[in-house]
Amino acid sequence: TPIQNDLHEFYALV
Amino acid sequence: MFEARLVQSSILKKVLEAIKDLLNEATFDCSDSGIQLQAMDNSHVSLVSMNLRSDGFDKYRCDRNISMGMNLGSMTKILKCAANEDVVTMKAQDNADTVTFVFESPNQEKVSDYEMKLMNLDQEHLGIPETEYACVVRLPAGEFARICRDLSQFGESVVISCTKEGVKFSSAGDIGSANIKLAQTSNVDKEELAVTVEMQEPVTLTFASRYLNSFTKATSLSNVVQLSMSPDVPLVVEYRIGEIGHIRYYLAPKIED
Numbered sequence: 001t002p003i004q005n006d007l008h009e010f011y012a013l014v
Numbered sequence: 001m002f003e004a005r006l007v008q009s010s011i012l013k014k015v016l017e018a019i020k021d022l023l024n025e026a027t028f029d030c031s032d033s034g035i036q037l038q039a040m041d042n043s044h045v046s047l048v049s050m051n052l053r054s055d056g057f058d059k060y061r062c063d064r065n066i067s068m069g070m071n072l073g074s075m076t077k078i079l080k081c082a083a084n085e086d087v088v089t090m091k092a093q094d095n096a097d098t099v100t101f102v103f104e105s106p107n108q109e110k111v112s113d114y115e116m117k118l119m120n121l122d123q124e125h126l127g128i129p130e131t132e133y134a135c136v137v138r139l140p141a142g143e144f145a146r147i148c149r150d151l152s153q154f155g156e157s158v159v160i161s162c163t164k165e166g167v168k169f170s171s172a173g174d175i176g177s178a179n180i181k182l183a184q185t186s187n188v189d190k191e192e193l194a195v196t197v198e199m200q201e202p203v204t205l206t207f208a209s210r211y212l213n214s215f216t217k218a219t220s221l222s223n224v225v226q227l228s229m230s231p232d233v234p235l236v237v238e239y240r241i242g243e244i245g246h247i248r249y250y251l252a253p254k255i256e257d
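Quick mapping for you: the protein sequence lines, in order, are chains G and P. Quick note: the first sequence, position 3, residue 3 per this note's numbering, numbers continuous. Quick note: the second sequence, position 214, residue 214 per this note's numbering, numbers continuous.
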């Protein structure tokens with residue numbers, strides 16, 4: 001089954 | 001002093017309906033340009049980004065930038081007190097710890113005000129760059145809601161595949177599998193009924209159906225929904241909010257182990 005990614009893996013905190 | 005007046009309180013009700021499935025509380029950042037909200041759901045899988053432009057309000061005044069942390073459950077209770085045809089005004093003093101909602105009936109015979117306590121919320125803000133997406137699909141919002149609902153019966157995941165011919169939504173699980181293909185509309189009489197695909201390269205991505213279903217709570221805001229996808233980046237699901245702004249949902253894809 002595919003693993004759910006977290007948004008932090010795509011966008012940096014500002 | 002902050003004051004924002006909207007003749008159609010139903011817009012605010014619909015906005016709240018569109019975000020309260022994903023968020024328990026959120027900070028409304030008010031500035032001269034309008035009201036912005038950015039918040040992730042508790043699991044940090046999806047993000048809501050909303051913008052209401054100041055020029056879309058019937059009256060708008062914001063002397064100093066203010067951030068109002070609101071409990072969305074409480075806000076829902078208050079907005080239930082407004083009739084759909086009421087005029088709504090949100091008001092707050094600078095540095096206030098409360099916000100006031102004023103509802104006026106169209107003939108001005110009934111005026112109600114509700115004061116709500118604000119919250120100090122720790123907010124994580126993500127920097128989302130302007131992105132050219134490999135595929136941009138527009139389809140009727142009601143159709144998208146129907147597809148998400150139908151497919152969520154089959155599995156926890158929905159695979160969205162976009163090619164220049166159209167877009168395919170698939171799901172599989174214990175009871176079997178389902179595929180829904182939408183072809184690009186050849187003859188477009190009404191834009192809100194059309195399916196259009198702008199494609200630079202084909203994209204296939206997998207998403208949790210639970211979140212897609214939550215996004216469709218925004219269906220009453222707009223006839224059309226726009227899906228933007230690129231390989232290995234979050235999906236963007238966008239609904240316009242009349243002439244006043246938009247709500248965008250970002251959803252991290254699932255990736256094969």
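The beta-carbon is built from N, C-alpha and C at its ideal position, and this holds for glycine as well.
Buried versus exposed call for residue i [16 or more other C-beta atoms within 10 Å across all chains shown]
i	result
M199 of chain P	buried
K217 of chain P	buried
I19 of chain P	buried
K149 of chain P	Sequence inspection shows Arg at residue 149 of chain P; the Lys mentioned does not correspond to that position. Exposed is the call here.
I175 of chain P	exposed
L126 of chain P	buried
A183 of chain P	exposed
M70 of chain P	buried
M40 of chain P	buried
Q108 of chain P	exposed
C135 of chain P	buried
P140 of chain P	buried
A12 of chain G	exposed
For residue i, the first and last residue of its enclosing beta strand (DSSP E)
i	result
M119 of chain P	Per DSSP, M119 of chain P belongs to no beta strand (DSSP E) and is neither H nor E.
L227 of chain P	V224 to M229
T27 of chain P	E25 to S31
V158 of chain P	S157 to C162
Residue-level contact to chain G via CB, residue i, 8 Å cutoff
i	result
K168 of chain P	no
Y114 of chain P	no
P231 of chain P	no
D257 of chain P	yes
A252 of chain P	yes
V45 of chain P	yes
S157 of chain P	yes
Candidates the options: closest to residue i by CA position
i	options	result
M50 of chain P	P:E256, P:Y60 and P:I247	P:I247
L12 of chain P	P:N120, P:I147, P:E104 and P:T76	P:T76
L121 of chain P	P:E3, P:D232, P:L235 and P:T27	P:T27
R146 of chain P	P:Q184, P:S214, P:T163 and P:D97	P:S214
S152 of chain P	P:I180, P:A134, P:Y133 and P:V137	P:I180
M68 of chain P	P:V237, P:L37 and P:L23	P:L37
A4 of chain P	P:Q93, P:L23, P:E165 and P:K80	P:Q93
V88 of chain P	P:V136, P:D21, P:K59 and P:N187	P:K59
S43 of chain P	P:S31, P:S54 and P:L23	P:L23
V106 of chain P	P:S54, P:A82, P:E192 and P:V45	It should be noted that the sequence gives Pro, not Val, for residue 106 of chain P. It is P:A82 whose Cα lies nearest to the Cα of P106 of chain P.
A194 of chain P	P:S220, P:Q226, P:T163 and P:A178	P:Q226
E132 of chain P	P:P231, P:P253, P:Y239 and P:I255	P:P231
A57 of chain P	P:E243, P:K164, P:P202 and P:Y249	The question names Ala, but residue 57 of chain P is Phe in the sequence shown. Comparing Cα positions, the closest option is P:E243.
A172 of chain P	P:D113, P:V224, P:G155 and P:M1	P:G155
Element boundaries [alpha helix (DSSP H), containing residue i]
i	result
A134 of chain P	First-last for A134 of chain P: undefined, no H or E at that position.
V87 of chain P	Element bounds for V87 of chain P: not the alpha helix (DSSP H) but the beta strand (DSSP E), V87 to A92.
R210 of chain P	S209 to F215
A141 of chain P	A141 to L151
L72 of chain P	L72 to L79
L47 of chain P	Careful: L47 of chain P lies outside any alpha helix (DSSP H), inside the beta strand (DSSP E) at S46 to R53.
Near the ligand GDP: residue i beta-carbon under 7 Å from a heavy atom
i	result
V99 of chain P	The ligand GDP is absent from the structure shown, which contains no ligands of any kind.
Note down, in chain order, all residues in the segment 118-131 of chain P with a beta-carbon under 9 Å from any beta-carbon belonging to chain G.
E124, H125, L126, G127, I128 and P129
With 8 Å as the limit, tell me which residues of the segment 198-217 of chain P have their beta carbon closer than that to any beta carbon of chain G; keep them in chain order.
T206 and A208
Residues of the segment 219-248 of chain P whose Cβ lies closer than 8 Å to any Cβ of chain G, in chain order:
V233 and P234
Short of 7 Å Cβ to Cβ, which residues in the segment 24-44 of chain P face chain G?
M40 and H44
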